[in-house]
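Report on one structure; see the data block that follows.
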Amino acid sequence: MSKVVNLSGLAVALLLAGCQAVNTTSGGAVGVERKQYMFSMLSAEQVNQMYAQSYQQTLSEASSKGVLDKTSNNAKRLQAVAARLIPQAPRFRPDAANWQWEVNLIKSPELNANCGPGGKIIFYSGIIEKLKLTDDEIAAIMGHEMAHALREHSREAMSKAYGIQMARQGAGALLGLGEGGMALADTVVQYSLTLPNSRANENEADLIGLELAARAGYNPNAAISLWQKMEAAGGGAPPEFMSTHPSSSSRIASLQAAIPKVMPLYEQARAGR
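Okay, here's the thing in structure tokens:
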């Protein structure tokens, strides 16, 4: 048991040794203030550039297959929502005003959407059509995904991967673990580093996304109806402790607690439109 504890501590020590503390965003009205650690030799610019290349490849492949949707009503709805949300991003980090934001819709039954580093947004038509999303609910999803990019959760995950690899190699050398012990090392490091922070990242994206949508004049309560729809569509989910995402019930409870913080922003935005 002592080797397991030592390994967890070693992972943290090696991770922090190669990383630097950063403040990716301001806390906003929702108060997201968690300190983040990024691998010092992996810059935001590098990650943004890598993802931009991957994003363009995805769009190129979708276009060649005839599934890149630029003209449908849903594509136009996405552009309209983005036009209101993106100007709110600099409130959390001023440099986001200089990002090359893009929003695209791909025809696919997937219930999915994402915003990669540097502001590259993709929605899949399935999530809009199957969940019958309102514009407010689209804004809740888009705000959530934008928040992941603003908080640089991808770079944070990549930094953790460096720490995990360092911990795995260091543990094997220092503790003399065999193949079975290395498998245990992988498990301990994964659950001591990766999962808790991944769940924290999701909560941060929920809260910042809620504020982005509210500031853009979209009803914060749509985040609740969205996750209720997600819960109904998802059926059975894995136990929350073993999942990288909070369960729908805890997610909804967290959002409900935060709505009073952003409702004045929503009302102000609506009054100004």
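First residue of the sequence shown: -15, per my numbering; consecutive thereafter.
Every residue, glycine too, gets a C-beta built ideally from N, C-alpha and C.
CB contact flag (residue i, residue j, <9 angstroms)
{"i": "residue 246", "j": "residue 210", "result": "no"}
{"i": "residue 133", "j": "residue 101", "result": "yes"}
{"i": "residue 238", "j": "residue 218", "result": "no"}
{"i": "residue 135", "j": "residue 42", "result": "no"}
{"i": "residue 96", "j": "residue 137", "result": "no"}
{"i": "residue 85", "j": "residue 105", "result": "yes"}
{"i": "residue 3", "j": "residue 109", "result": "no"}
{"i": "residue 14", "j": "residue 242", "result": "yes"}
{"i": "residue 129", "j": "residue 98", "result": "yes"}
{"i": "residue 190", "j": "residue 131", "result": "yes"}
Own chain, CB closer than 7 angstroms to residue i, minus 5 neighbours either side, in chain order
{"i": "residue 61", "result": "119, 122"}
{"i": "residue 76", "result": "9, 10, 12, 134, 192"}
{"i": "residue 45", "result": "none"}
{"i": "residue 63", "result": "87"}
Backbone CA spacing between residue i and residue j [nearest angstrom]
{"i": "residue 235", "j": "residue 18", "result": "18 angstroms"}
{"i": "residue -5", "j": "residue 28", "result": "With a pLDDT of only 48 at residue -5, under 50, the local geometry of the prediction cannot be trusted, and no value is derived from it."}
{"i": "residue 93", "j": "residue 256", "result": "37 angstroms"}
{"i": "residue 71", "j": "residue 254", "result": "15 angstroms"}
{"i": "residue 252", "j": "residue 203", "result": "12 angstroms"}
{"i": "residue 20", "j": "residue 212", "result": "30 angstroms"}
{"i": "residue 47", "j": "residue 39", "result": "12 angstroms"}
{"i": "residue 240", "j": "residue 208", "result": "7 angstroms"}
{"i": "residue 114", "j": "residue 88", "result": "18 angstroms"}
{"i": "residue 65", "j": "residue 23", "result": "34 angstroms"}
{"i": "residue 248", "j": "residue 58", "result": "29 angstroms"}
{"i": "residue 49", "j": "residue 37", "result": "19 angstroms"}
{"i": "residue 214", "j": "residue 206", "result": "12 angstroms"}
{"i": "residue 33", "j": "residue 25", "result": "15 angstroms"}
{"i": "residue 56", "j": "residue 117", "result": "15 angstroms"}
{"i": "residue 5", "j": "residue 78", "result": "19 angstroms"}
Contacting residues, own chain, Cβ-Cβ under 6 angstroms from residue i (five flanking each side not counted)
{"i": "residue 197", "result": "123, 124, 127"}
{"i": "residue 68", "result": "200"}
{"i": "residue 250", "result": "198, 204"}
{"i": "residue 244", "result": "none"}
{"i": "residue 216", "result": "none"}
Inter-residue CB distance, residue i and residue j (contact presumed, cutoff 8 angstroms)
{"i": "residue 111", "j": "residue 53", "result": "In fact, because the Cβ distance is near 13 angstroms, the residues do not count as touching under 8 angstroms."}
{"i": "residue 188", "j": "residue 16", "result": "5 angstroms"}
Contact set for residue i: own chain, Cβ-Cβ below 8 angstroms, skip 5 residues either direction
{"i": "residue 35", "result": "100, 101, 102, 104, 138"}
{"i": "residue 258", "result": "One cannot answer for residue 258 here, as it falls past the ends of the chain, which runs -15 to 257."}
{"i": "residue 74", "result": "80, 81"}
C-beta neighbour in chain C for residue i, strict 9 angstroms
{"i": "residue 205", "result": "Going by chain labels, chain C is absent from the structure shown, which holds only one protein chain."}
*At which residue ranges does the region 72 to 153 contain complete alpha helix (DSSP H) runs of 4 or more residues, listed in the order of the chain?*
Within the region 72 to 153, complete alpha helix (DSSP H) segments of at least 4 residues are found at 109 to 114, 119 to 134, given in chain order.
*asked:* Quick check on the DSSP output: what are the complete alpha helix (DSSP H) runs of length 4 or more inside the region 19 to 56, in order along the chain?
replied: Here the runs fully enclosed are 28 to 48.
*Counting only runs that start and end within the region 184 to 217, where is the beta strand (DSSP E) found for 3 or more residues in a row?*
none
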